[in-house]
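Remarks on the structure that follows.
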Amino acid sequence: MVAKKKNAKSNLPSQKVLQELHMKMVRIRRFEERAGKMMEDGKIPGALHLYVGQEAVASGVMQHLSNKDWITSTHRGHGHLVAKGGEFKPMFAELFGRSTGYCRGKGGSMHISNMDLGMLGANGIVGGGPPIAMGAAFSNRFKKNKNVAVAFFGDGASNEGSVHEAINMASLYKLPCVFVCENNGYGEYTAQSRHQAIVDVADRASGYGMPGVVCDGMDVMAVYEAAGEAIERARKGSGPTLLECKTYRYYDHVGVRGMGLTYRTDEEVEEWKNKDAIEGFEKRLIQLGVMTKKKIENVHASVGKDIDEAIIFANESPYPMPEDLLDNVYNEET
Amino acid sequence: MGSRTIGIIANPASGKDVRRLVARASVFDNREKSAIIRRALEGALNTGARNFAYLDDSHNIAGGAFGEIDGDFESTLVPCLKTSSALDTTRGALSMRDQNPIANLILGGDGTSRAFVKGWREAALLPLSTGTNNVFPILAEATIAGAALGVLACGGVSEKEVLHRAKIIDIQIEGEAEDIALIDAVVTKDQFIGSRALLNADVIERIFLTRAEPTSVGMTSVGGLVQPLSQDEDFGMYLILDNNGKIKVRAPIAPGLYENLRIKSIERVGFNESIEMIGPCILALDGEREREVQAGQAVKMSIGREGPSVLDVRKTMELAANRGFFT
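The listed protein sequences derive, respectively, from chains G and Y. Start counting the first sequence at 23; every next residue gets the next number (my numbering). Start counting the second sequence at 3; every next residue gets the next number (my numbering).
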């Protein structure tokens, strides 16, 4: 007797999907570059942890999610929100601390969130996201829907007790959750080899009783395929997955500076840049006839124009008023 | 009696790709790979081997194993790239060749052996399975694999007696670097290398096999379940798949993953023959999408017995036992 089909398999992606993946990555890159520049120029208050270099991870994962699927992010959270559908105007306004921002200017970079998009928030606490995602996944189970929750975290966070607890519980209850470890090789300024005895965080998956997969986080199609399988597995009730994406941030832990740092070499940065997710993908899209060079240039120009408009919008937006201080702090719905 | 050097290579990346999700493949964590090397070392040391060279893999799998073994032996760390890609194994093979090992213990799947042979084609290998598609590597307890290597290194058997040349597919891609496959070269309609694993039967167009094994998983099973072809036979097999093909087969294209395939034709390919085709396509080699072939780009594939030499563990141990090597 033949077993009934079927495993969820990634068929050839449509041109629309490929173009959306490209658009997501370009939007993240351009947003982060501009935000970083404005921070350096003193036009954005506070610190920004920028996602440049890691675009393929957020884009490849988010392509499989709808607004009803939840995500939790990290202190490096802008890319996740952009890929989840975040708009530039309320994002820049939030970074500028204006009342038109996603959190009415009270959250800023490290707490930016939007419930309508299923983005439960960036998080200033390293390892703070996975327990929230696990809880969101539990709510999906409780409500008997088919939505999933995805927790993004880094190699540094993978050592935090909160992350172990969240993954353990998600596995115990077979929750519709995917744990995406963006292993960029550094926990802030500490190389992974100085904070972990293992190299592949996914090796821990068997200890939690779930599948662990390693994929190339600089290749958006590798992420797209692997994340698609993990998300489909969660959606159909087969439980969580630990998906480790090997990636790299081009900039420093905070801010823009990427070269001349003491904890990593310029040569290392250049090696990773040679694997740039956007450049490689654009080259392949042209080879396949999915996009022309001109069309790609138009995408970059269009995104740049959107950013210009968003910055004007943010600059012209008012700050929150002192009397609004305690508004929207707690959920006021009954 | 002095012993020749034994080379040791572990692939950190084997056993961790998306086949853990799509198929029912096993996870091989690196601690387990290190334990396998420790057992192999015990086997080799207990048969008298005293000289080892190991590749400095990015995850310190082999180095970690040597660090946990006490004994009277010499080990040489062979430097290699740490790009976390197959290039590390390929370049490492070149460095390993300089150590002149009599044979090399390779931990990984088909792809790991392929990467090593790309760097050192005439190498003698004992490939142990820690990967997913495991046609080329053998399934054996590492202790005994190490013992067989030790017997060979100490002269208990001769190379001529226990090493057998494997078949190999040579691939020429117009205007680009050549490539090889030890088990299968597959032409697919895929557009991207992506997660590398070959998981979608719908995109498979042609399969070129050195072996068609009905007892293995992967592309080799597609031919193997229809018309088996052993490692010993001096020809290859070329299958063309088509939705209207008259031969229907349901084959395990990955561990625990069966797919329906329809074969239009099966051809025998002699050692003096070649197969030619024109892109676009993605070439999957030994189970993984590896090469992008552009539209109009020519590809030529041929098969021969100029592959690496592979150690026959059973024959080695039986010959040594019959000669009183262990007593």
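Every residue gets a Cβ at the ideal spot worked out from N, C-alpha and C, and that includes glycine.
- Within chain G, no C-beta atom comes less than 8 Å from the C-beta of residue 73(Y); the nearest is roughly 24 Å away.
- Residue 156(G) sits away from residue 144(G), with the two beta carbons spaced by 8 Å or more.
- Between the stretch 44–55 of chain Y and the stretch 271–278 of chain G there are fewer than three inter-stretch CB-CB distances shorter than 8 Å, so the stretches are not counted as touching.
- The stretch 206–216 of chain G and the stretch 165–174 of chain Y do not touch, with fewer than three beta-carbon pairs separated by less than 8 Å.
- Going by beta carbons, residue 287(Y) and residue 25(Y) fall outside the 8 Å limit.
- Unbroken alpha helix (DSSP H) runs of no fewer than 4 residues, entirely contained in the stretch 297–340 of chain G, are found at 299–310, 315–338, following chain order.
- Note that the stretch 175–192 of chain Y touches the stretch 292–300 of chain Y; at least 3 beta-carbon pairs, one per stretch, sit closer than 8 Å.
- Residue 261(G) and residue 43(G) have their C-alpha atoms spaced approximately 26 Å apart.
- With a threshold of 8 Å between beta carbons, residue 106(Y) makes no contact with chain G.
- With a threshold of 8 Å between beta carbons, residue 263(G) makes contact with chain Y.
- Non-local C-beta neighbours of residue 86(G) in its own chain, meaning closer than 7 Å and more than five positions away in sequence, comprise 249, 250, 253, ordered along the chain.
- By the Cβ rule, the stretch 285–301 of chain G does not count as touching the stretch 60–71 of chain G, because fewer than three pairs are nearer than 8 Å.
- Using a Cβ-Cβ cut-off of 8 Å, residue 121(G) does not count as an interface residue toward chain Y, since no Cβ of chain Y sits closer than that to its own.
- Using a Cβ-Cβ cut-off of 8 Å, residue 233(G) is close to 22, 23, 29 of chain Y, given in chain order.
- Residue state for residue 291(Y) is assigned as strand, using DSSP reduced to three classes.
- For residue 48(Y), no Cβ of chain G is located within less than 8 Å of the residue's own Cβ.
- Listed along chain G is no residue with a C-beta nearer than 8 Å to that of residue 136(Y); the closest approach is about 18 Å.
- By alpha-carbon distance to residue 117(Y), the top candidate from 13(Y), 229(Y), 282(Y) is 13(Y).
- Residue 288(G) is outside the set of residues whose beta carbon lies under 8 Å from a beta carbon in chain Y.
- The beta-carbon of residue 41(G) is placed no less than 8 Å from the nearest beta-carbon of chain Y.
- Between the alpha carbons of residue 36(G) and residue 246(G) lies a distance of about 13 Å.
- Residue ranges of uninterrupted alpha helix (DSSP H) with 4 or more members, entirely inside the stretch 109–184 of chain Y and ordered along the chain, are 112–121, 144–155, 161–164.
- Within the stretch 213–228 of chain G, 220, 221, 222, 224, 225, 227, 228 place their CB atoms closer than 8 Å to a CB of chain Y, listed in sequence order.
- Of all residues in the stretch 306–319 of chain G, only 306, 309, 310 come within less than 8 Å of chain Y when Cβ atoms are compared, listed by chain position.
- Note on residue 79(Y): under 16 other CB atoms within 10 angstroms of its CB, so exposed under the neighbour-count rule.
- For residue 4(Y), none of the residues of chain G pass the 7 Å Cβ criterion, the least Cβ distance being about 36 Å.
- Taking the CA atoms as reference points, residue 262(Y) sits about 14 Å from residue 222(Y).
- Judged by their CB atoms, residue 230(G) and residue 180(G) are not nearer to each other than the 8 Å cut-off.
- Here residue 224(Y) really is in contact with residue 209(Y); their C-beta atoms are around 6 Å apart, less than 8 Å.
- In the DSSP annotation of this structure, residue 199(Y) is not part of any alpha helix (DSSP H), being labelled neither H nor E.
- In the DSSP assignment, residue 254(Y) falls within the beta strand (DSSP E) that extends over 249–256.
- Under the three-state reduction of DSSP, residue 252(G) is assigned to helix.
- Along the stretch 247–258 of chain G, the positions whose C-beta sits under 8 Å from a C-beta of chain Y are 247, 248, 251, 252, 255, read in chain order.
- As the crow flies, the alpha-carbon of residue 242(Y) is around 27 Å from that of residue 243(G).
- The C-beta of residue 268(G) comes closer than 8 Å to at least one C-beta of chain Y.
- Beta bridge pairing from DSSP links residue 54(Y) with 8(Y), 77(Y).
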